[in-house]
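Here's the structure, in structure tokens; my notes come after.
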Amino acid sequence: MTDLPTVALLGTGAMGAGMARNLAAAGIDLRVWNRTPERAAPLADVATVAATPAEAVAGADVLLTMLYDADSVLEVVSGLGDAIAPGTTWLQQSTIGVAGTNQAIALAEELGLVLVDAPVLGTRKPAEDGTLTVLASGPDEVADHVAPLLDAIGSRTLWLGPAGAGTRLKLAANAWVLTVVEGLAESLALTRDLGLDPALFLDAVQGSAVDAPYLRLKGEAMLSGALDPSFALSGAVKDADLILAAARAAGTELAVLPGVREHLARGVEAGHGDRDMAATYLAH
Ligand SMILES: NC(=O)c1ccc[n+]([C@@H]2O[C@H](COP(=O)([O-])OP(=O)(O)OC[C@H]3O[C@@H](n4cnc5c(N)ncnc54)[C@H](OP(=O)(O)O)[C@@H]3O)[C@@H](O)[C@H]2O)c1
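In terms of the working numbering, the sequence shown has 1224 at position 69, counting the first letter as 1, and numbering is strictly consecutive.
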């Protein structure tokens, strides 16, 4: 137990809050900070709630960031100054794309931090259940150090090589997720507009090779309007932009994603940005 690292987790949103509870349940000494204090306060039963990022990281062995995007991650970590000791491991788990991760690599070098780029697959419920899949990348030497943390928040960790590899695989996985969500919204809209009950689409594919648990989950949310965010639509647009930027830089022609991005953004423009990404259906 005493060998477990002390962790400072910055960002107790939809994902960070569940991750925090699982870290604490694994016996890890945890400090948490969130920009909006009301979102961190409910964690006071399992963690020390810090008033500032600097207070959270003082004396911590591992800094864990689960913030919204590259700008928020880079702003918060660069603002730590002397509060964070050189040699501290920085477990960066937010989805910040290739360019953002390159900036994080440079910032880690500047501050003397050991960066582990480790975005996750899974959404709010797997974060609460500790069943995320972690796409970890960074120096082999720190794998054992962070293993108890990754085991606490996920059911599977893939170690992928130097920092940056995790983020690249995350973008490929998210391209799939966004394509499925938008494709599902289109099939439901098409069923409806062809004069049928849209639920018939879900009935038609049920149990077949083209069915999927995710189709049921998101399809039922689309049809029932139960759109509390597991992953907000605005975040889906952010990720679509990260995927498109990475593909452009890699020279990959993506036929589907530009249209997916346009439809997701239409949902945000219609005022659904804070609802679950299944709200893209409302803009069809
Ligand atoms: N939800 C998912 O299904 C899912 C799955 C995998 C990965 N991710 C990724 O995980 C990360 C967190 O996602 P989430 O769903 O937990 O998002 P969320 O609920 O919107 O939480 C975002 C967090 O970032 C903070 N934040 C935003 N802008 C900030 C700024 N300028 N300065 C400081 N803090 C800032 C928020 O603080 P406030 O509370 O003050 O706004 C909150 O703590 C994102 O990168 C997301 O893409 C999400």
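The beta-carbon is built from N, C-alpha and C at its ideal position, and this holds for glycine as well. Keep in mind the model is a prediction, meaning the values are calculated, not measured.
Own chain residues within Cβ distance below 8 angstroms of residue i, not counting five before or after
i       : result
HIS1439 : ALA1340, GLU1341, LEU1343, ALA1344 and HIS1418
ARG1279 : ALA1169, MET1170, GLY1173, PRO1384, SER1385 and PHE1386
VAL1201 : ALA1175, ARG1176, ALA1179, ALA1180 and LEU1185
ALA1425 : LEU1437 and ALA1438
ARG1194 : THR1167, GLY1168 and ALA1172
PRO1192 : VAL1204 and ALA1206
Contacts around residue i, its chain only, beta-carbon distance under 6 angstroms, and the 5 residues preceding and following it disregarded
i       : result
GLY1428 : LEU1388 and SER1389
ALA1420 : VAL1392
LEU1313 : LEU1290
SER1310 : THR1286
Beta-carbon separation (whole angstroms), residue i vs residue j, contact threshold 8 angstroms
i       : j       : result
GLN1248 : LEU1219 : 6 angstroms
LEU1382 : ASP1431 : 5 angstroms
ALA1404 : VAL1253 : 7 angstroms
ALA1298 : ILE1398 : With a Cβ gap of about 27 angstroms, ALA1298 and ILE1398 do not count as contacting.
C-beta contact flag for residue i and residue j at 8 angstroms
i       : j       : result
THR1243 : VAL1271 : no
GLY1395 : LEU1412 : Note on residue identity: the sequence assigns Ala, not Gly, to residue 1395. In contact: ALA1395 and LEU1412 (Cβ atoms closer than 8 angstroms).
VAL1217 : LEU1357 : no
ALA1215 : VAL1204 : no
ASN1177 : ILE1260 : no
LYS1393 : ASP1224 : yes
LEU1378 : ALA1402 : no
ALA1433 : VAL1365 : no
GLY1285 : ALA1318 : no
LEU1235 : VAL1212 : yes
ILE1251 : VAL1231 : no
GLY1321 : LEU1287 : no
GLY1422 : LEU1437 : yes
PRO1160 : TRP1188 : no
ALA1282 : LEU1246 : no
GLY1166 : MET1221 : yes
SER1233 : LEU1262 : yes
Opposing strand residues paired with residue i [DSSP bridges]
i       : result
VAL1275 : VAL1289
GLY1309 : LEU1287
THR1220 : LEU1165 and GLN1247
ALA1175 : Answer is none; ALA1175 lacks a bridge partner.
ARG1186 : ALA1163 and THR1203
VAL1415 : Its beta-bridge partners do not exist; DSSP assigns none.
TRP1331 : None, per the DSSP bridge assignment.
VAL1269 : THR1244
ALA1387 : ASP1431
Spatial neighbours of residue i in its chain, beta-carbon cut-off 7 angstroms, leaving aside the 5 residues before and after
i       : result
GLY1267 : PRO1241 and GLY1242
GLN1361 : none
MET1156 : Residue placement at MET1156 is flagged as unreliable, the pLDDT there being 45, under the threshold of 50; the coordinate-derived value follows with that caveat. Excluding residues within five positions, the ones whose Cβ falls inside 7 angstroms are GLY1182.
GLY1350 : none
LEU1315 : LEU1290, ALA1291, SER1292, GLY1321 and LEU1324
TYR1369 : VAL1335
THR1435 : VAL1336, GLU1337, ALA1340, LEU1388, HIS1418, LEU1419 and GLY1422
ASP1348 : none
**Given 8 angstroms, three or more beta-carbon pairs between the stretch 1176 to 1183 and the stretch 1232 to 1240** = no
**Message:** Three or more C-beta pairs under 8 angstroms: does that hold for the stretch 1295 to 1303 against the stretch 1318 to 1326?
**Reply:** no
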